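Chemist: Counted from 1, the sequence shown has number 4 at position 5 by numbering that gives the first Met the number 0; the numbering is strictly sequential. Virtual Cβ for every residue (Gly too), placed ideally from N, Cα, C. Predicted model, so just to flag it, every value in this text is computed and none were measured.
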Amino acid sequence: MFQGPFWLFAFLSVGAAALFGFLAVAAWAGSRQQERESYYRNDMLKKIAESDTNSAVATIAYLQEKEKVSAANREAKKREGYSLGGLINIAIGIALLVFLMAISHRPEVGLVGLIPFLIGVALLIHNYLTSPKRSA
Numbered sequence: 000m001f002q003g004p005f006w007l008f009a010f011l012s013v014g015a016a017a018l019f020g021f022l023a024v025a026a027w028a029g030s031r032q033q034e035r036e037s038y039y040r041n042d043m044l045k046k047i048a049e050s051d052t053n054s055a056v057a058t059i060a061y062l063q064e065k066e067k068v069s070a071a072n073r074e075a076k077k078r079e080g081y082s083l084g085g086l087i088n089i090a091i092g093i094a095l096l097v098f099l100m101a102i103s104h105r106p107e108v109g110l111v112g113l114i115p116f117l118i119g120v121a122l123l124i125h126n127y128l129t130s131p132k133r134s135a
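#1: Report the rounded CA-to-CA distance for Phe21 versus Leu11, giving the unit in angstroms.
#2: Tell me whether Ala72 is buried or exposed, calling it buried when 16 or more other Cβ atoms sit within 10 Å of its Cβ.
#3: Restricting to runs no shorter than 3 residues, where is the beta strand (DSSP E) found entirely within the stretch 17 to 57?
#4: Would Pro115 pass as a contact of Ile91 if the rule is Cβ separation under 7 Å?
#5: With DSSP as the reference, label Glu66 as helix, strand or coil.
#6: Evaluate Asn41 with the Cβ neighbour count: other Cβ atoms within 10 Å of its Cβ, from every protein chain shown; 16 or more gives buried, anything less gives exposed.
#7: For Pro106, which of helix, strand or coil comes out of DSSP?
#8: Suppose the cutoff is 6 Å on Cβ atoms and the five residues either side in sequence are ignored; what does the same chain contact list for Gly109 look like?
#9: Spell out a yes or no on whether the stretch 55 to 62 and the stretch 78 to 89 are touching, meaning 3 or more CB-CB pairs, one atom from each, closer than 8 Å.
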């Protein structure tokens with residue numbers, strides 16, 4: 000009863016629709032959360048600006064310092080992603096090189112593995128050259 004390409008097509012169609020529907024809802028929920036956080040942060044800053052106390056200055060300084068730390072953490076996470084992506088590409092390139100040389104018995108076919116390998120090397124070099132230098 001459930002044979003043939005129609006049922007496979009129907010199953011894959013429903014699966015694809017469910018996947019992309021989930022991704023749309025997840026993206027919407029994430030943007031709503033960011034919107035709420037931004038709203039509450041701006042509301043708090045407005046209330047602090049309206050008050051005339053010395054604690055308002057300290058609170059604003061604290062929030063600025065917190066924002067600097069957050070930006071530094073985002074930058075570190077981005078650099079970590081470049082490193083990880085480079086290492087993964089290097090590993091894929093080496094594995095592809097070995098695999099293609101093993102199945103074709105011709106060394107020149109394995110050179111296709113150099114493409115992802117060199118992309119990984121380029122990512123690591125970019126990460127190294129653009130990372131901020133740490134002072135002692």
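Modeler: On the basis of the supplied data:
#1: 15 Å
#2: The identity of residue 72 in the sequence shown is Asn, whereas the question assumes Ala. The residue in question, Asn72, is exposed, as its Cβ has fewer than 16 Cβ neighbours within 10 Å.
#3: none
#4: yes
#5: helix
#6: exposed
#7: coil
#8: Leu96, Leu99, Met100
#9: no
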